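Chemist:
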Amino acid sequence: PKNPREPRNLSLSGARVQPTNGNLRILLRWKQPPSDVPIMFYKLFWSRFIRGPPNDSILVHHQSVPK
Numbered sequence: 075p076k077n078p079r080e081p082r083n084l085s086l087s088g089a090r091v092q093p094t095n096g097n098l099r100i101l102l103r104w105k106q107p108p109s110d111v112p113i114m115f116y117k118l119f120w121s122r123f124i125r126g127p128p129n130d131s132i133l134v135h136h137q138s139v140p141k
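For the sequence shown, the positions run 75 to 141 when our numbering is used.
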């Protein structure tokens with residue numbers, strides 16, 4: 075069997091900042107790729123760049139999302 079490929083037709087929409095806590099909310103959509111192996115969940119990764127003394131940092135987060 076072939077492993078699943080990356081999702082197709084990825085789109086981001088509805089970006090907004092929550093005024094109470096500064097969190098960013100984004101609607102993420104994609105089409106499931108063809109696969110011989112059943113897809114049970116996707117693992118999403120995102121990062122945040124933080125500028126500050128003495129060095130800049132990149133924080134990487136991830137979350138598993140059910141199909």
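By construction, the Cβ of each residue, glycine as well, lies at the ideal position given by its N, Cα and C atoms. Note that the structure is a prediction, hence the values are computed from the model and not measured.
Figure out for me which residue from T94, P81, L98, E80 has the closest Cα to the Cα of G88.
Modeler: Answer by Cα proximity: L98.
Chemist: Using a Cβ-Cβ distance cut-off of 9 Å, determine whether N77 contacts chain C.
Modeler: Within the model displayed, chain C is absent; a lone protein chain is all it includes.
Chemist: Is the beta carbon of S109 sitting closer than 9 Å to the one on R82?
Modeler: No. Outside cutoff.
Chemist: Alpha carbons only, please: which of F119, V91, P75 is nearest the one belonging to I132?
Modeler: Among F119, V91, P75, the Cα nearest to that of I132 is on F119.
Chemist: Quick check on this structure: which residue in S85, N77, K117 has the alpha carbon closest to the alpha carbon of I100?
Modeler: Residue S85 is the option with its Cα nearest to I100.
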